[in-house]
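Trainee:
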Amino acid sequence: MHNETSTAKTTLLTEGCIWKQLVAFAFPLFLGNLFQQLYNTADSLIVGNFLGSNALAAVSSSGNLIFLMVGFFQGISVGAGVVIARYYGAQKIEEVQKAVHTTVAFGLASGIFLTVFGTVLTSRILIWMGTPADVLPESTVYFRIYFLGSLSFVMYNVFVGILQSVGDSRHPLIYLIVSSAVNIVLDLLFIAVMGFGVGAAALATLLSQFISAFLCLWRLTRKSPDDYRLFIRRIRFDLPLLHEVIANGLPAGFQNSIIALANVVVQSNINKFGKMAVAGSGAYSKIEGFGFLPITCFAMALTTFISQNLGAKQYERAKKGARFGILCSVITAELVGVFIYLTIPTLIAAFNRTTAVIAYGTTHARTVTLFYFLLSFSHCIAGILRGAGKAAVPMFTMLCFWCIVRVSYITIILYFIPKIQMIFWAYPLTWSLSSIVFLLYFLKADWVHGFEK
Numbered sequence: 003m004h005n006e007t008s009t010a011k012t013t014l015l016t017e018g019c020i021w022k023q024l025v026a027f028a029f030p031l032f033l034g035n036l037f038q039q040l041y042n043t044a045d046s047l048i049v050g051n052f053l054g055s056n057a058l059a060a061v062s063s064s065g066n067l068i069f070l071m072v073g074f075f076q077g078i079s080v081g082a083g084v085v086i087a088r089y090y091g092a093q094k095i096e097e098v099q100k101a102v103h104t105t106v107a108f109g110l111a112s113g114i115f116l117t118v119f120g121t122v123l124t125s126r127i128l129i130w131m132g133t134p135a136d137v138l139p140e141s142t143v144y145f146r147i148y149f150l151g152s153l154s155f156v157m158y159n160v161f162v163g164i165l166q167s168v169g170d171s172r173h174p175l176i177y178l179i180v181s182s183a184v185n186i187v188l189d190l191l192f193i194a195v196m197g198f199g200v201g202a203a204a205l206a207t208l209l210s211q212f213i214s215a216f217l218c219l220w221r222l223t224r225k226s227p228d229d230y231r232l233f234i235r236r237i238r239f240d241l242p243l244l245h246e247v248i249a250n251g252l253p254a255g256f257q258n259s260i261i262a263l264a265n266v267v268v269q270s271n272i273n274k275f276g277k278m279a280v281a282g283s284g285a286y287s288k289i290e291g292f293g294f295l296p297i298t299c300f301a302m303a304l305t306t307f308i309s310q311n312l313g314a315k316q317y318e319r320a321k322k323g324a325r326f327g328i329l330c331s332v333i334t335a336e337l338v339g340v341f342i343y344l345t346i347p348t349l350i351a352a353f354n355r356t357t358a359v360i361a362y363g364t365t366h367a368r369t370v371t372l373f374y375f376l377l378s379f380s381h382c383i384a385g386i387l388r389g390a391g392k393a394a395v396p397m398f399t400m401l402c403f404w405c406i407v408r409v410s411y412i413t414i415i416l417y418f419i420p421k422i423q424m425i426f427w428a429y430p431l432t433w434s435l436s437s438i439v440f441l442l443y444f445l446k447a448d449w450v451h452g453f454e455k
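Residue 3 is where the sequence shown starts when you use this note's numbering, and the numbers rise one by one after that.
(1) In three-state terms, what does DSSP make of Tyr443?
(2) From the DSSP output, in three-state form, read off Lys94 for me.
(3) Let me make sure I understand the geometry here. Which of Lys446, Val168, Val49 has the alpha-carbon closest to that of Leu222?
(4) In whole angstroms, what is the alpha-carbon distance linking Ile20 and Ala303?
(5) When burial is assigned at 16 or more other CB atoms within 10 Å of the CB, is Arg325 buried or exposed?
(6) Mark Pro420 as exposed unless 16 or more other C-beta atoms lie within 10 angstroms of its C-beta, in which case mark it buried.
(7) Does the segment 347-355 touch the segment 257-272, meaning 3 or more C-beta pairs lie closer than 8 angstroms?
(8) Helix, strand or coil, according to DSSP, for Glu290 in the structure here?
(9) With DSSP as the reference, label Phe453 as helix, strand or coil.
(10) When DSSP labels each residue in this structure, what does Arg408 get in the three-state scheme?
(11) Cutting at 7 angstroms between CB atoms, please list the residues of its own chain near Val102, excluding the five before and the five after it.
(12) From Leu244 to Gln257, what does the alpha carbon distance come to, in whole angstroms?
(13) At what residues does the alpha helix (DSSP H) containing Asp189 begin and finish?
(14) What does the alpha-carbon distance come out to for the pair Phe212 and Leu188?
(15) Going by other Cβ atoms of all chains shown within 10 Å of its Cβ, with 16 needed for buried, is Leu33 buried or exposed?
(16) What residue does the alpha helix (DSSP H) around Cys218 start on, and which one ends it?
(17) Give me the residue from Val280, Phe294, Gly83 with the minimum Cα distance to Lys100.
(18) Between Phe52, Arg355, Gly284, Pro242, which lies nearest to Leu191 when the distance is taken from Cα to Cα?
(19) Between the beta-carbon of Ile422 and the beta-carbon of Ala279, is there less than 8 angstroms?
(20) Near Leu435, which residues of its chain fall below 7 angstroms by C-beta distance, leaving aside the five closest residues on each side in sequence?
(21) Thinking just about the alpha-carbon of each residue, which of Ile360, Tyr429, Gln310, Leu337 is nearest to the one in Leu380?
(22) Determine the closest residue to Tyr443 out of Leu178, Val395, Arg368, with distance taken between C-alpha atoms.
(23) Which word fits Ser437, buried or exposed, when buried means at least 16 other C-beta atoms lie within 10 angstroms of its C-beta?
(24) Go through its chain and collect everything with a Cβ distance to Ser410's Cβ below 7 angstroms, but skip five positions before and after it.
(25) Quick check for students: name the residue ranges of the alpha helix (DSSP H) that lie wholly in the segment 312-364, counting only runs of 4 or more.
(26) Assuming the contact rule is C-beta atoms closer than 8 angstroms, Phe27 and Ser171 should be a hit. Round their C-beta distance to whole Å, please.
(27) Taking only three categories from DSSP, how would you classify Tyr230?
(28) Sort Ser287, Ile383, Ala320, His173 by Cα distance to Val332 and report the nearest one.
Set out below in structure tokens:
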């Protein structure tokens, strides 16, 4: 028991050199997100090269729709991580245990619900989005098979959220590398060797997600310290802790779903420009996922860092960590944006060599990539505020600008200037507005000491 306790303390982010702690925690998150993106991109690369632009458009058209469905539950997992990290930072182990088991119970219920809901409503939602008729059958197959694995996806996010909240970003990385490799091998086997269709790509993703979820479960039940170990027989809802988890996670989940809904509207407008536009823009979105890696890893690291340090009443340490994380993320994101801007035609061609697909993807990229620093800043401030228990602030800010303003702008501008570039400009515009609001709030509001209240 003594060894287990000391092992647990090595994951605390409330002591030691701030920049070393943040980088050491964020780097495995970066690699994990990298492999997660490879995991997702493998489908598009293999589908685009072996099955053609129609199949690529089918996979691409479902991306925003998938996030619409799973984003809510991902947000709840973020809220659960904040609660666990807060109690873990304060070393209130009984509350940590209750929060862990309540979170797992919520994940199981959510995964079952999402499986039923996603598979039943697939074709109806794709039709509502205006998915091109020649893409719809393959898109429906891909989407429906993907959602049969909803339980594994939700539980993986829940397990990873628990591990990261106590400062363990290394083991989720290892498990993600394993599952990514399995996904790519199965993609190649099912599509390139056996000649199956686009549904096989979704099946490969489903199977690899189950592997990653199982490995995380094994870690939590067999190898974790007693502080946050998962005991199957204790999985149940603790109502006060469930209330805390939902209070912290609901704003993030609602925000994810609303932004995803706005992006579904954006996608439906892109769909009007035909399957080449869908394929080109979809290929760029896969590349964009890599560009967002430094943004997401620092935002996630900051949430855990702030939660643990405010739980331990380390207020000045929380402020210093926030400033360092923002600076690192913004600089790295902009360097990545410049790189993508310069190399985008070659990158798009890796997915599909059709001239029109490359042209649409290049136009999309060169409209938005130089503004990655704004996106990074918004995400970092949102991560900090969630860690400080103020999840409603980023929710309302992003709801206003990334949803209402974005959709209103596209609706109005396309009426007067019906060009696809006008859709792409919605992103830099709304990132700029949210960054201004976040900057003002961050500088003026007492987000640190307000945490205690």
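Just so you know, even glycine gets a beta-carbon here, dropped at the ideal spot from N, CA and C.
Mentor: By the coordinates alone:
(1) For the purposes of this step, residue 443 is taken as residue 441 along the sequence shown, with counting starting at 1. Residue state, collapsed to three classes: helix.
(2) The count along the sequence shown starts at 1 and reaches residue 94 at position 92. Residue state, collapsed to three classes: coil.
(3) By 1-based counting over the sequence shown, the position of residue 222 is 220. Here the closest residue by C-alpha is Val168.
(4) Here residue 20 corresponds to residue number 18 of the sequence shown, with the count starting at 1. Here residue 303 corresponds to residue number 301 of the sequence shown, with the count starting at 1. Going by the C-alpha atoms only, they are around 12 angstroms apart.
(5) Within the sequence shown, the letter at position 323 stands for residue 325. Per the 10 Å Cβ criterion, exposed.
(6) Position 418 of the sequence shown, counted from the first residue, corresponds to residue 420. Residue burial is scored here from C-beta neighbours: Pro420 has fewer than 16 other C-beta atoms within 10 angstroms and is therefore classed as exposed.
(7) Counting Cβ pairs under 8 angstroms, fewer than three are found: no touch.
(8) Numbered from its first residue, the sequence shown carries residue 290 at position 288. Looking at Glu290 - three-state DSSP - the assignment turns out to be helix.
(9) Start at 1 with the first residue of the sequence shown, and residue 453 comes out as number 451. With a pLDDT of only 48 at Phe453, under the threshold of 50, the placement of this residue in the model should not be trusted; the figure read from the coordinates follows. Of the three classes helix, strand and coil, the one that applies to Phe453 here is helix, per DSSP.
(10) On the sequence shown, position 406 is the one that residue 408 refers to. Three-state result, Arg408: helix.
(11) Counting from 1 along the sequence shown, the entry for residue 102 is found at position 100. Listed in chain order, the non-local C-beta contacts of Val102 below 7 angstroms within the same chain comprise Ile86, Ile164, Tyr230, Leu232, local neighbours out to five positions each way being set aside.
(12) The count along the sequence shown starts at 1 and reaches residue 244 at position 242. The count along the sequence shown starts at 1 and reaches residue 257 at position 255. Going from the Cα of Leu244 to the Cα of Gln257 covers about 19 angstroms.
(13) Position 187 of the sequence shown, counting from 1, holds the residue named residue 189. Segment 172-189, the alpha helix (DSSP H) holding Asp189.
(14) For the purposes of this step, residue 212 is taken as the residue at position 210 of the sequence shown. For the purposes of this step, residue 188 is taken as the residue at position 186 of the sequence shown. Answer to the nearest angstrom: the Cα atoms are 13 angstroms apart.
(15) Position 31 of the sequence shown, counted from the start, is the residue given in the question as residue 33. Leu33 is buried by the Cβ-count criterion.
(16) As a working mapping, residue 218 is identified with position 216 in the sequence shown. That run of the alpha helix (DSSP H) goes 201-220.
(17) Within the sequence shown, numbered from 1, the residue matching residue 100 stands at position 98. Cα-wise, what sits closest to Lys100 is Gly83.
(18) Numbered from 1 along the sequence shown, position 189 holds the residue referred to as residue 191. Among Phe52, Arg355, Gly284, Pro242, the Cα nearest to that of Leu191 belongs to Phe52.
(19) In the sequence shown, counting from the first residue as 1, residue 422 sits at position 420. In the sequence shown, counting from the first residue as 1, residue 279 sits at position 277. Going by C-beta atoms, Ile422 is nearer than 8 angstroms to Ala279.
(20) Indexing the sequence shown from 1 puts residue 435 at position 433. Around Leu435: Phe403, Val407.
(21) By 1-based counting over the sequence shown, the position of residue 380 is 378. Sequence inspection shows Ser at residue 380; the Leu mentioned does not correspond to that position. Of the listed residues, the one whose Cα sits closest to Ser380 is Tyr429.
(22) Here residue 443 refers to the residue found at position 441 when the sequence shown is read from its first residue. The residue with the shortest Cα to Cα distance from Tyr443 is Val395.
(23) Position 435 of the sequence shown holds residue 437. Buried, since its Cβ has 16 or more Cβ neighbours within 10 Å.
(24) As a first step, residue 410 must be located in the sequence shown, where it is residue number 408. Excluding positions up to five away in sequence, the list is empty.
(25) 317-351
(26) Within the sequence shown, the letter at position 25 stands for residue 27. Within the sequence shown, the letter at position 169 stands for residue 171. Contact flag correct, Cβ pair sits at about 5 angstroms.
(27) By one-based count along the sequence shown, residue 230 stands at place 228. In the structure shown, Tyr230 sits in coil (DSSP, three-state: anything other than H, G, I, E or B).
(28) Within the sequence shown, numbered from 1, the residue matching residue 332 stands at position 330. Of the candidates Ser287, Ile383, Ala320, His173, the one whose C-alpha sits nearest the C-alpha of Val332 is Ile383.
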